[in-house]
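Protein sequence lines correspond, in order, to chains W and D.
As numbered in my numbering, residues 4 to 315 make up the first sequence, in order.
As numbered in my numbering, residues 4 to 315 make up the second sequence, in order.
Ideal Cβ positions, reconstructed from N, Cα and C, are used throughout, including at glycine.
Working notes, structure below.
Number of protein chains: 2
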Amino acid sequence: MTTINQGKSIRVFSPATVSNVGSGFDIMGFAIEGAGDILEMELRNDSRLNVENLTGAALPEKIEDNVIYPVIKALQKELGVDIGMNIRFRKKINPGSGLGSSAASSVAVAYGFNKLLGSPLIKKELIDYAREGEKLASGSAHADNIAPCMLGGFVIIRSYHPLDIIEIPYPETLYCSIVFPDISIDTKKGRSVLNKSNSLKDTITQTGNAAGLVAGLMMNDYELIGRSMVDVIAEPRRKDMIPGFDNIRKAALNKNSLGCNISGSGPSVFALSTDKTTATEIKEAMVMAVMETGHKCQSWVSPISKNGVCEI
Amino acid sequence: MTTINQGKSIRVFSPATVSNVGSGFDIMGFAIEGAGDILEMELRNDSRLNVENLTGAALPEKIEDNVIYPVIKALQKELGVDIGMNIRFRKKINPGSGLGSSAASSVAVAYGFNKLLGSPLIKKELIDYAREGEKLASGSAHADNIAPCMLGGFVIIRSYHPLDIIEIPYPETLYCSIVFPDISIDTKKGRSVLNKSNSLKDTITQTGNAAGLVAGLMMNDYELIGRSMVDVIAEPRRKDMIPGFDNIRKAALNKNSLGCNISGSGPSVFALSTDKTTATEIKEAMVMAVMETGHKCQSWVSPISKNGVCEI
Numbered sequence: 004m005t006t007i008n009q010g011k012s013i014r015v016f017s018p019a020t021v022s023n024v025g026s027g028f029d030i031m032g033f034a035i036e037g038a039g040d041i042l043e044m045e046l047r048n049d050s051r052l053n054v055e056n057l058t059g060a061a062l063p064e065k066i067e068d069n070v071i072y073p074v075i076k077a078l079q080k081e082l083g084v085d086i087g088m089n090i091r092f093r094k095k096i097n098p099g100s101g102l103g104s105s106a107a108s109s110v111a112v113a114y115g116f117n118k119l120l121g122s123p124l125i126k127k128e129l130i131d132y133a134r135e136g137e138k139l140a141s142g143s144a145h146a147d148n149i150a151p152c153m154l155g156g157f158v159i160i161r162s163y164h165p166l167d168i169i170e171i172p173y174p175e176t177l178y179c180s181i182v183f184p185d186i187s188i189d190t191k192k193g194r195s196v197l198n199k200s201n202s203l204k205d206t207i208t209q210t211g212n213a214a215g216l217v218a219g220l221m222m223n224d225y226e227l228i229g230r231s232m233v234d235v236i237a238e239p240r241r242k243d244m245i246p247g248f249d250n251i252r253k254a255a256l257n258k259n260s261l262g263c264n265i266s267g268s269g270p271s272v273f274a275l276s277t278d279k280t281t282a283t284e285i286k287e288a289m290v291m292a293v294m295e296t297g298h299k300c301q302s303w304v305s306p307i308s309k310n311g312v313c314e315i
Numbered sequence: 004m005t006t007i008n009q010g011k012s013i014r015v016f017s018p019a020t021v022s023n024v025g026s027g028f029d030i031m032g033f034a035i036e037g038a039g040d041i042l043e044m045e046l047r048n049d050s051r052l053n054v055e056n057l058t059g060a061a062l063p064e065k066i067e068d069n070v071i072y073p074v075i076k077a078l079q080k081e082l083g084v085d086i087g088m089n090i091r092f093r094k095k096i097n098p099g100s101g102l103g104s105s106a107a108s109s110v111a112v113a114y115g116f117n118k119l120l121g122s123p124l125i126k127k128e129l130i131d132y133a134r135e136g137e138k139l140a141s142g143s144a145h146a147d148n149i150a151p152c153m154l155g156g157f158v159i160i161r162s163y164h165p166l167d168i169i170e171i172p173y174p175e176t177l178y179c180s181i182v183f184p185d186i187s188i189d190t191k192k193g194r195s196v197l198n199k200s201n202s203l204k205d206t207i208t209q210t211g212n213a214a215g216l217v218a219g220l221m222m223n224d225y226e227l228i229g230r231s232m233v234d235v236i237a238e239p240r241r242k243d244m245i246p247g248f249d250n251i252r253k254a255a256l257n258k259n260s261l262g263c264n265i266s267g268s269g270p271s272v273f274a275l276s277t278d279k280t281t282a283t284e285i286k287e288a289m290v291m292a293v294m295e296t297g298h299k300c301q302s303w304v305s306p307i308s309k310n311g312v313c314e315i
């Protein structure tokens, strides 16, 4: 049996994540340090879930519509406990931003609840429960935000049946610049614009680029990383949903970005670079490109998050 | 100008290659040590090419139909030389075997000719000229046999426009078992059976497996290599051309092969394993499975070739 600590509390930082990473469409993601949700949690002496929204993005009115609900329900069942939580959100990652908003909430509560119960499960085991939140949010229990949010670093989702998650090394100095234009793209919409089938040629191109991206990350080969960040499957279909996408990318590349792609299904756009100074210049150029479309945006510069979700 | 050495001779070993490597369909290949062509070459004092077949597989009657012809013609043009060669073949790799027969010949003459002329080009530069042979043989200047034959080791062909070849590290103890059943599959035929388009799901599965395969090779993770050697694009369409393929694979996996796939477009089948003893047992089991179909086969056990084509 797990140790039960009613009233014990925890404060958790759950990072924003970039999924897809160009040619890693649907199979790769990474976490950043610079943006994320903060959740405070404490165990209750009943099985209820009580949510309070301190600051940040709005939450669903009904608890059953919040992604945390199926996550905690699944963990309660797995661990055989009848314990609920009071959860206070400081939600910094907006839903529909393409930065893994639902994943950040789902991972935060899975991590927090497990830790408050004495850590009966390890982080990697929690991934499957956190995916229940993605199922509620988008209809598909995808893991390309959940896994990097939980584990940190660059993660490959090789397979779902069975779930096969691979953490790969990457250059320590890698930096990420992100802009989030003030529009929202629903994950389901982002998927509905995709073609149901692809040419053999495109499949081979995507495979070659994904292989090159993994090799580039693992060999610290920045140029190879950049050359490989080309998505011929999803991005050509999705980019028209993001005002000025081509110019945002051009702005990033002009400032020595290695590569620039849509984060998730957008509208956030990310660019990778080799150091903080370059990443800051890239961010500023991308912000300018967004402003030229008449939209406002949030923006961040961040190294890759080494550890993912953590107690703070 | 290059140094000219009429009459100078060289003897070259050009290895057999396994292209595709399961999920690395059309983007990956490796060379083996255990099988290959041996060519003796000497410069002539005219621009002619003279070919003699000492032993092994038959060669085309007309020199213009031999893959070496466009390779040497392209190099003569590039290097601005009017020099031909006498070439004596000991061709051990059969055309239509799926083991890079045309690549071995093309690479051998490109390497030998260049070396006899004082090595004006480096190996990587020769790849483009050797690809002229593939163009003649199959109508497509593919590089997934040429590149590993030239360079050795595991090679990713990330892109053709421009050509982007990436040599990746792999476990030093990796062994390869190969059976070549006594049928011939023309490369053009092997391509014509493929679907022109693929489902989005299969494209993502293939990308994930290719990414996993690269990660597994580079992290010396044998189990990951094995799990990732799954081709959902080409192999399901090609395997019916190889009598007893499913049983050959089952035989290999039963003997602790990491994975087992068609080599090139077949009919050769290869399996990877962690050591020579296991690789030998796998080879014997695969040979038995071929024999049960009423076919004969050639077979090899070999480590991965570190250096590719070389002077001997």
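- Interface flag for A61 (chain W) against chain D is unset, since no Cβ pair is found closer than 8 Å.
- Contact annotation for F28 (chain D) against chain W: T206, I207, T210 [CB-CB distance below 9 Å, chain order].
- In the three-state DSSP reduction, D243 (chain W) falls in the helix class (H, G or I).
- Residues of chain D whose Cβ lies closer than 9 Å to the Cβ of M221 (chain W) are, in chain order, I171, P172, V217, A218, M221, M222.
- Residue pairing from DSSP places P18 (chain D) in a beta bridge opposite D:G39.
- Secondary structure at R51 (chain W): coil, using DSSP grouped into helix, strand and coil.
- If one requires a minimum length of 3 residues, the beta strand (DSSP E) runs lying completely within the region 180-248 of chain D are 200-202, in chain order.
- In this structure, the straight-line span from the alpha carbon of A133 (chain D) to that of S143 (chain D) is close to 12 Å.
- Counting only the Cα atoms, D249 (chain D) lies some 24 Å from P306 (chain D).
- Assignment of S109 (chain W) by DSSP, reduced to helix, strand and coil, places it in the helix class.
- Using a Cβ-Cβ cut-off of 7 Å, D68 (chain D) is close to nothing in chain W; its nearest Cβ partner there is about 28 Å away.
- Nearest neighbour of G247 (chain D) by Cα position, chosen from D:N23, D:S260, D:C179, D:G297, turns out to be D:G297.
- Contact note: R230 (chain D) reaches chain W through R161, S162, D167, using a C-beta cutoff of 9 Å and chain order.
- A19 (chain D) and I41 (chain D) have their alpha carbons spaced roughly 11 Å apart.
- Judged by their CB atoms, I71 (chain D) and L102 (chain D) are not nearer to each other than the 8 Å cut-off.
- V217 (chain W) sits close to A214 (chain D), with the two beta carbons spaced by under 8 Å.
- In terms of beta-carbon proximity, I236 (chain D) lines the interface with chain W, with at least one pair separated by less than 8 Å.
- Taking 8 Å as the threshold, the shortest C-beta distance from K199 (chain W) to chain D falls below it.
- In the assembly as shown, R161 (chain D) is a buried residue. Its beta-carbon has 16 or more other beta-carbons within 10 Å.
- Ranking W:I168, W:V233, W:H145 by CA distance to the CA of L154 (chain W) puts W:I168 first.
- By the rule that beta-carbons nearer than 8 Å mark a contact, L177 (chain W) does not touch chain D.
- Per the Cβ contact rule, the region 193-201 of chain W is not in contact with the region 184-193 of chain D (fewer than 3 Cβ pairs under 8 Å).
- Judged by DSSP in its simplified three-state form, T58 (chain D) adopts strand.
- Counting only Cβ-Cβ distances below 7 Å, S180 (chain D) has no contacts in chain W at all, with the closest Cβ about 24 Å away.
- For K94 (chain W), there is no enclosing alpha helix (DSSP H); the residue is part of the beta strand (DSSP E) that begins and ends at 88-94.
- Only residues of its own chain outside the window of five on either side were considered, and among them M31 have a CB closer than 6 Å to the CB of V24 (chain D), listed in chain order.
- In the pairwise beta carbon analysis, the region 117-133 of chain D is classified as not touching the region 172-180 of chain W: fewer than three pairs are separated by under 8 Å.
- Nearest Cα to V233 (chain D) within the set D:Q209, D:N223, D:A254: D:Q209.
- Residue pairing of V272 (chain D) in beta bridges, as defined by DSSP: D:V182, D:I265.
- Here the C-alpha atom of I90 (chain D) lies approximately 28 Å from the C-alpha atom of P270 (chain D).
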